[in-house]
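Asks: All letters in the sequence shown, in the order written, are residues 3 to 472 by our numbering. Ideal Cβ positions, reconstructed from N, Cα and C, are used throughout, including at glycine. From a predicted model like this one, the values you see are computed outputs, not experimental measurements.
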Amino acid sequence: MTSSKEIDSKVASAKSNLSSKNLSREEIETVQDILKTDSRPVPPVLKQESTKNLGNLDIPKERYFSQEYHDQEVEKLWKKVWQWACREENIPNVGDYVVYEIADLSVIVIRTKPNKISAFYNSCLHRGMQLCVGEGKTSNLRCPYHGWTWKLDGTLAHIPCRWDFEHVNDNDFRLPEVKVDTWQGFVFINFDPNCESLENYLENIPEHFQQFAFPLEKRFTALHVAQVINTNWKVALEAMMEAYHIFATHPQMLKHAGDINSKYNIYGRHSYMVFPSAMQSPYLGKPQDPQAPAKAMMDYMGIDRDIKLTSKGMNSRAYAAEAVRQNLNQHLGVDLSDVSDTEMIDAISYFVFPNSIIMPVVGQPAQLRFRPYGNNPDFCIMDLLTLLPSSLENTPPPAKTRWLTSEEKWSDVPEIQPEEVGVVLDQDFANLPLIQKGLKTSAKPGITLANYQESRIRHFHLVLDKYLSD
Ligand code: FES
Ligand SMILES: [Fe+2]
């Protein structure tokens, strides 16, 4: 394992060697070409090119900190869109529930029958008390204030001193429901009773996910860490939507990551990115040892170099992919021999509008969600989940959510292994409050985006504009 000191010196030396060569686009190998030499067939959707000219106007800075803009988002975005509330595995048995909160809205997501999940506004119909907090298991929904009680299906079960409420009709006092549906093990909710189906909302994403090897509904949550961050939810989200920042923010990754080789596709509402690994950044040129990027990546992922590999004739990506396959096979007992190299080593990350990053990959499957924290546009909650494949007979229970305080570092979370991954997150999160402050003090009315590498961010804002102008 690498010590903190070694990581610090790696980062420092990578920073001191930084020189931003002015490469032309033609000198940068495309993901299309990189995937051509992979050792397994590549999911065909990754060969698609889907870019659009979206203009190049600046994005007004106020949308990152104005209270008025936040209030509009609550009314026109959060109350209208499908949003990931929890995982099905968080509520496996009848009566299991999770409270999902967004801005100052709160919803109880509860399993009401073995094959049915319901969602209710988390508010008592008597005097408004929240019915549930956090997560747990219950046989009914009983308000802690005066004891009004509902059955799990939302029908009114009991009112203490019923004689005093002649005016209350049981049928009118069912718990109001929120729409709920599932996809790939994620439970989504929607506050809008007239919303389109989740299937429609997800557009081509379910079709894309059919091409990846390990469906996320067959995985388990190996890690769930959450933190309140002093930045707008969009600032945090956008830090995960491009690899353009790797060069300056995570220079130690350039030895094993093709930062500016990354590919960005945009579709109707959603988009994806492929950030290739086990190759050297074009900034560093070609490595002397062709397998050096694979070895650097194995170090980054904490994979033992002694793993038995036939490296002869394998290119760096195939070599690293095989190392990750064998490593996961040892740890999880899952046969990954047919899984493509790209799913083993690259960051293939789908943006599901408005606030989720969902990764179908096997090697480093981070799932991210960003939401406003209460009604304060300067704060958000970020959730990070790792969904790993498991052999069915032996699925471990989902990891409990670990909340980090604002002082805690991600590299100090022992479950985030290896430490270098935590360091990358710390580097990202160190930027976020500074971006929030910088935006407020800026003399410039908006932010300026790269045409290609930041096209998903522009696209996200255009879709957001559509919601807010409705
Ligand atoms: S507020 Fe819930 S029973 Fe009174
Ligand atoms: Fe980053």
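Can you grab the Cα-Cα spacing for the pair Tyr321 / Met361, in whole Å?
Replies: About 22 Å.
Asks: Using 8 Å as the cut-off, can you tell me whether the segment 214-224 makes contact with the segment 241-259, which would need three or more C-beta pairs spanning the two stretches below that distance?
Replies: These segments do not touch.
Asks: Would you mind reading off the limits of the alpha helix (DSSP H) that contains Val426?
Replies: First-last of the alpha helix (DSSP H) with Val426: 421-443.
Asks: At the level of alpha carbons, what is the spacing between Asn357 and Pro195?
Replies: Answer to the nearest angstrom: the Cα atoms are 20 Å apart.
Asks: Below 8 Å on the Cβ atoms is my contact criterion, and I expect Tyr269 with Ser52 to pass it. Report the Cβ-Cβ distance as a whole number of Å.
Replies: Contact flag correct, Cβ pair sits at about 6 Å.
Asks: Verify the contact flag: Asp430, CB atom, against every heavy atom of ligand 2, threshold strictly below 6 Å.
Replies: Indeed, a heavy atom of ligand 2 lies less than 6 Å from the Cβ.
Asks: Three-state secondary structure (DSSP) at Ala84?
Replies: According to the sequence displayed, residue 84 carries Trp and not Ala. Here Trp84 sits in coil by DSSP.
Asks: Can you tell me the Cα-Cα spacing of Asn331 and Gln213, whole angstroms?
Replies: About 21 Å.
Asks: If we call anything under 7 Å between Cβ atoms a contact, is Lys12 one with Gln254?
Replies: Against a cut-off of 7 Å, the Cβ pair of Gln254 and Lys12 comes out as a contact.
Asks: Taking 7 Å as the limit, tell me which residues put their C-beta closer than that to any heavy atom of ligand 1, in chain order.
Replies: Listed by chain position, these are Cys126, His128, Arg129, Gly130, Met131, Cys145, Tyr147, His148, Gly149, Trp150.
Asks: Is Tyr102 near Cys134, with beta carbons less than 7 Å apart?
Replies: No, the Cβ-Cβ distance between Tyr102 and Cys134 is not below 7 Å.
Asks: Measuring straight from C-alpha to C-alpha, what distance separates Lys402 and Glu91?
Replies: Lys402 and Glu91: Cα-Cα distance of roughly 11 Å.
Asks: Any idea if Gln69 is buried or exposed, counting beta-carbon neighbours within 10 angstroms, 16 or more meaning buried?
Replies: Classification of Gln69: exposed, given that the 10 Å Cβ count is below 16.
Asks: At what residues does the beta strand (DSSP E) containing Gln69 begin and finish?
Replies: Counting along the chain, Gln69 falls outside any beta strand (DSSP E), though it belongs to the alpha helix (DSSP H) covering 69-74.
Asks: How many angstroms separate the CA atom of Leu154 from the CA atom of Glu179?
Replies: Answer to the nearest angstrom: the Cα atoms are 12 Å apart.
Asks: Between the alpha carbons of Thr236 and Asp174, how many angstroms are there, rounded?
Replies: The identity of residue 236 in the sequence shown is Lys, whereas the question assumes Thr. Lys236 and Asp174: Cα-Cα distance of roughly 39 Å.
Asks: May I ask you to verify whether the segment 247-267 touches the segment 374-385, counting CB pairs closer than 8 Å and requiring at least 3?
Replies: Cβ pair count under 8 Å is below three, so no.
Asks: Hey, would you say Gln369 sits closer than 7 Å to Leu387, going by beta carbons?
Replies: Yes.
Asks: Please state whether the Cβ-Cβ distance between Met299 and Ala280 is less than 7 Å.
Replies: Against a cut-off of 7 Å, the Cβ pair of Ala280 and Met299 comes out as a contact.
Asks: Relative to the C-alpha of Asp343, which candidate in Ser18, Leu20, Ser26, Ile36 has its C-alpha closest?
Replies: Looking at the Cα atoms, Ile36 is the closest of the given residues.
Asks: Kindly indicate the opening and closing residues of the alpha helix (DSSP H) around Asp301.
Replies: Here the alpha helix (DSSP H) through Asp301 covers 294-303.
Asks: Kindly provide the ranges of any beta strand (DSSP E) runs that are 3 or more residues long and lie completely inside the segment 365-418, ordered along the chain.
Replies: The qualifying runs are 368-375, 378-391, 404-406.
Asks: Taking just the CA atoms, how far does Gln186 sit from Asp340?
Replies: Looking at the two C-alpha atoms, the distance is approximately 21 Å.
Asks: Measure the C-alpha to C-alpha separation of Cys126 and Glu75 and round it to an integer number of angstroms.
Replies: Between Cys126 and Glu75, the C-alpha separation is close to 25 Å.
Asks: Is Pro435 near Thr251, with beta carbons less than 7 Å apart?
Replies: No, the Cβ-Cβ distance between Pro435 and Thr251 is not below 7 Å.
Asks: So, helix, strand or coil for His258, using DSSP?
Replies: Coil.
Asks: Buried or exposed: where does Asp10 fall if 16 or more other Cβ atoms within 10 Å of its Cβ makes it buried?
Replies: It counts as exposed.
Asks: What number of angstroms, rounded off, separates the C-alpha of Trp150 from the C-alpha of Ile191?
Replies: So the two alpha carbons sit approximately 25 Å from each other.
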